[in-house]
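Colleague:
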Ligand code: DX5
Ligand code: ZN
């Protein structure tokens, strides 16, 4: 069964505490936190101080997705804020292996995200060092975008690599996953789905989270 990591990007930012408690009641396995800097992606969201405050209200692990330029500058801050998984973009950091090692040196799980156009090959020499691969199924920056169909093949190929080499890597996908395509996307071989608008567009967020959990 795939785990669910609801993204608070589409939540009510004025009521984050209540929104997170709803996700928790719905059985969310992680809380997905989208950090954007207005440079790596066009949008700006929040940073370590907000995450640190949110950490006080829930035990659910924090899955922090950094869409920021040169994330290595801020790893320590996100660790101190309470991140359980830190995922950086392959495209955002020049010394990817070093950045991964830095994340792991703090005892936090290290993930690498790939934009839709970035090939799986770019991970070849770091596969032995990472805990998670995040396949972006939209171009990062905004919630509510349409799932890019060709990403299904990319997820399947990554699953095959993980299985053939017996790697200890979680496979996650992010973007455009809704109730009507979630099953099909999960079947491509995912361990974790990220869902933003697919949850927060619902009138009953608790019930909608449960619906994704039951898939
Ligand atoms: C997009 C973010 C996603 C986003 C997903 O850049 O990384 O986590 O919140 O939102 P939906 O599920 O609405 O596509
Ligand atoms: Zn994300």
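Residue numbers (our numbering): 465 to 679. No residue lacks a Cβ here, since even glycine has one placed at the ideal position from N, Cα and C.
1) For residue 594 and residue 476, what's the separation of their Cα atoms in angstroms?
2) Taking only three categories from DSSP, how would you classify residue 599?
3) Which same chain residues, not among the five before or five after residue 489, have their C-beta less than 6 Å away from its C-beta?
4) Pick out whichever of 606, 516, 540, 520 has its Cα sitting closest to the Cα of residue 505.
5) First and last residue of the beta strand (DSSP E) that includes residue 636?
6) I'd like to check one pair, residue 600 with residue 638: are the Cβ atoms closer than 8 Å?
7) Apply the 10 Å Cβ neighbour rule to residue 544 and answer buried if 16 or more other Cβ atoms are within range, or exposed otherwise.
8) Rank 535, 467, 612 by C-alpha distance to the C-alpha of residue 574 and give the top, closest one.
9) Here's the rule: buried if 16 or more other CB atoms are within 10 angstroms of the residue's CB, otherwise exposed. What is residue 566?
10) On a CA-only basis, which of 523, 478, 508 is nearest residue 492? Give me that one, please.
Modeller: Looking at the atomic coordinates:
1) Within the chain shown, the letter at position 130 stands for residue 594. Within the chain shown, the letter at position 12 stands for residue 476. Looking at the two C-alpha atoms, the distance is approximately 32 Å.
2) Translated into positions along the chain shown, residue 599 becomes position 135. DSSP, reduced to helix, strand and coil, places residue 599 within a strand of the structure shown.
3) In the chain shown, residue 489 corresponds to position 25, counting from 1. The residues are 670.
4) Taking the chain shown and counting its residues from 1, the one referred to as residue 505 is at position 41. With distances taken between Cα atoms, residue 505 lies closest to 606.
5) The residue given as residue 636 occupies position 172 in the chain shown. Element bounds for residue 636: 634-638.
6) Locating residue 638 in the chain shown gives position 174, counting from the first residue. Locating residue 600 in the chain shown gives position 136, counting from the first residue. Yes. Within cutoff.
7) On the chain shown, residue 544 is found 80 positions in, with the first residue counted as 1. Exposed: under 16 other Cβ atoms inside 10 Å.
8) Position 110 of the chain shown, counting from 1, holds the residue named residue 574. Taking only the C-alpha atoms, the option nearest residue 574 is 535.
9) Residue numbering aside, residue 566 sits at position 102 when the chain shown is read from its first letter. With 16 or more Cβ atoms within 10 Å of its Cβ, residue 566 is classed as buried.
10) Indexing the chain shown from 1 puts residue 492 at position 28. Out of 523, 478, 508, 523 has the C-alpha closest to the C-alpha of residue 492.
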